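S.K.: I have a structure here, written as structure tokens, and I will follow up with some questions on it.
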Amino acid sequence: MSRNFTIIGGDLRIIKLSKILANDGNKIFTYGIEKQQELKENKNIIFCDNLQTAVSSSNIIIGPIPFSSNGKEINTPFSDKKIRIEEIINNIENKILIAGSINNDIYKLTEDKQIKIIDIMQREELAILNAISTAEGTIEIIIKNTNKIIHGSKILILGFGRIAKVLAKKLQGLSVEVTCAARKEEDMAWIKTYGYIGTNINQIGNNLAEYDVIINTVPQIILTKEKLNYIKEDTLLIDLASKPGGIDQDAVKEKNLQLIWALALPGKVAPVTTAEFIKDTIYNILKEENQTI
């Protein structure tokens with residue numbers, strides 16, 4: 004059964020999602036993505052002239068991932084429009100808003116309103132599937148930014164969450180000597196079980212000089228200025244963590260080290276696949292909310 008969706012703003016993942024939802028037979032009302040020409044060929048995608056028309060056409064509002072970068076306006080890379088968060092909130096009473104990486108301040112804006120806000124990036128199924136794209140994108144970065152083959156290289160992964168687990172497995176399959184740094188004894192046991200080298204993340208220091216590539220997945224500063232003193236000049240540093248990241252960027256510049264802060268990799272390396280993951284997650288959400296698909 005087809006239904007109506009409203010899509011406001013968003014990056015290439017959301018553009019691809021619009022097309023996939025439309026190809027499923029749904030009607031898609033959009034605002035804030037008018038620069039994306041490929042969508043204008045789809046008869047099920049309607050470009051609205053104003054925000055009010057777009058949000059009044061559907062009970063399901065899909066926003067960007069991340070929702071906002073400055074806390075005031077939503078992300079609209081395919082539009083010149085500046086769409087204020089408060090403007091959206093004031094127009095979506097009794098509707099469901101699905102977006103990603105939603106700041107707590109936005110929830111406060113809706114306390115007195117009948118609005119269901121769902122942060123899709125908090126969904127476990129999407130987080131796990133996104134880890135695959137992130138891992139593959141990280142491997143692509145390593146290959147492009149080192150002058151050695153990846154086979155036989157020594158790579159350290161800081162943290163042992165979803166992304167680290169998937170990435171370590173893929174790197175091991177490429178004959179990399181994988182070391183994982185964690186705090187919890189449970190994680191250390193799993194690292195050993197999977198056949199990786201384990202090290203306590205609180206004790207890293209002069210051993211950092213061993214590695215050709217160091218990848219951080221922890222969203223707090225792990226590689227401080229002091230610890231960066233141990234890193235070889237030709238070591239590639241990759242930070243996959245959200246702000247503030249896990250590597251002291253000022254110290255990296257001071258020491259002239261190579262750092263790539265690789266945010267939102269799923270949307271960059273595999274926007275179509277990521278959009279499929281998002282679609283499936285949205286359908287799951289609507290089933291849970293007793294919304295007919």
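If you read the sequence shown in the working numbering, its first letter stands for residue 4, the second for the next number, and so on.
Just so it is clear, CB atoms sit at the ideal spot from N, CA and C, and this is done for glycine as well.
If you're wondering where the values come from, they're calculated on a predicted model, not measured in any experiment.
In the structure shown, what three-state DSSP assignment does Gly201 receive?
M.R.: Note: Gly201 maps to strand in three-state DSSP.
S.K.: With H, G and I counted as helix, E and B as strand and the rest as coil, what does DSSP make of Asp242?
M.R.: strand
S.K.: With a threshold of 8 Å between beta-carbons, can Ile63 be considered close to chain D, or not?
M.R.: Here chain D cannot be found, since the structure has a single protein chain.
S.K.: Taking 7 Å as the limit between beta carbons, can you name the residues of its chain near Thr220, skipping five residues before and five after?
M.R.: Ile160, Leu161, Gly162, Gly164, Ile166, Ala167, Leu243, Ala244
S.K.: Please name the residue in Ile48, Ile158, Ser136, Glu213 whose C-alpha comes closest to that of Glu37.
M.R.: Ile48
S.K.: Provide the residue(s) that pair with Val181 in DSSP beta bridges, ordered along the chain.
M.R.: Ile158
S.K.: Where does Glu188 fall in DSSP's three states?
M.R.: helix
S.K.: Excluding the five sequence neighbours on either side, which residues of its own chain have a C-beta within less than 7 Å of the C-beta of Thr79, listed in chain order?
M.R.: Gly12, Gly35, Ile86
S.K.: For Gly248, which residues in the same chain have their Cβ closer than 8 Å to its Cβ, ignoring the five residues on either side in sequence?
M.R.: Asn219, Pro222, Ile224, Asp242, Trp264
S.K.: I want to know whether the segment 187-207 touches the segment 127-138 - three or more CB-CB distances under 8 Å.
M.R.: Contact fails: fewer than three Cβ-Cβ distances are below 8 Å.
S.K.: Over the uninterrupted beta strand (DSSP E) stretch that includes Thr9, give me the two end residues.
M.R.: Run containing Thr9: 7-11, per the beta strand (DSSP E) assignment.
S.K.: If you follow the alpha helix (DSSP H) that Ile152 is part of, which residue opens it and which one closes it?
M.R.: Under the DSSP assignment, Ile152 falls outside any alpha helix (DSSP H); it carries neither an H nor an E label.
S.K.: For a test of the three-state rule: what should DSSP assign to Tyr214, helix, strand or coil?
M.R.: coil
S.K.: Give me the Cα-Cα distance between Ser5 and Ile17, rounded to the nearest whole angstrom.
M.R.: 19 Å
S.K.: Answer yes if the segment 91-100 comes into contact with the segment 56-63, meaning at least three C-beta pairs across the two stretches below 8 Å, and no otherwise.
M.R.: yes
S.K.: Taking only the alpha-carbon atoms, compute the straight-line gap between Asp253 and Leu240 and give it to the nearest angstrom.
M.R.: 14 Å
S.K.: Alpha carbon to alpha carbon, how far is Ile120 from Tyr110? Give it in angstroms, no decimals.
M.R.: 8 Å
S.K.: Looking only at its chain, what residues have a beta carbon closer than 8 Å to the beta carbon of Thr33, apart from the 5 residues adjacent to it on each side?
M.R.: Thr9, Ile10, Ile11, Ser21, Leu42, Ile48, Ile49, Phe50, Cys51, Ala57
S.K.: Give a yes or no on whether the C-beta atoms belonging to Ile68 and Ile142 are separated by under 8 Å.
M.R.: In this structure, Ile142 does not lie closer than 8 Å to Ile68 by Cβ.
S.K.: Taking only the alpha-carbon atoms, compute the straight-line gap between Lys290 and Lys172 and give it to the nearest angstrom.
M.R.: Looking at the two C-alpha atoms, the distance is approximately 33 Å.
S.K.: Classify Phe81 as helix, strand or coil using the three-state DSSP reduction.
M.R.: coil
S.K.: Can you tell me the Cα-Cα spacing of Glu213 and Asp237, whole angstroms?
M.R.: 11 Å
S.K.: Going by DSSP, which residues form a beta bridge with Tyr34?
M.R.: Ile11
S.K.: For Lys258, report the span of its alpha helix (DSSP H) as first-last.
M.R.: 252-258
S.K.: Below 8 Å between beta carbons: does that hold for Glu180 and Lys151?
M.R.: No, Cβ-Cβ distance for Glu180 and Lys151 is not below 8 Å.
S.K.: Considering Cα atoms alone, identify which of Asn7, Glu44, Leu15 is closest to Gly28.
M.R.: Each of Asn7, Glu44, Leu15 was checked against the Cα of Gly28, and the nearest Cα belongs to Asn7.
S.K.: So, with DSSP's three-state summary, where would you put Asn219?
M.R.: strand
S.K.: Spell out the partners DSSP gives Arg87 in its beta bridges.
M.R.: Glu76
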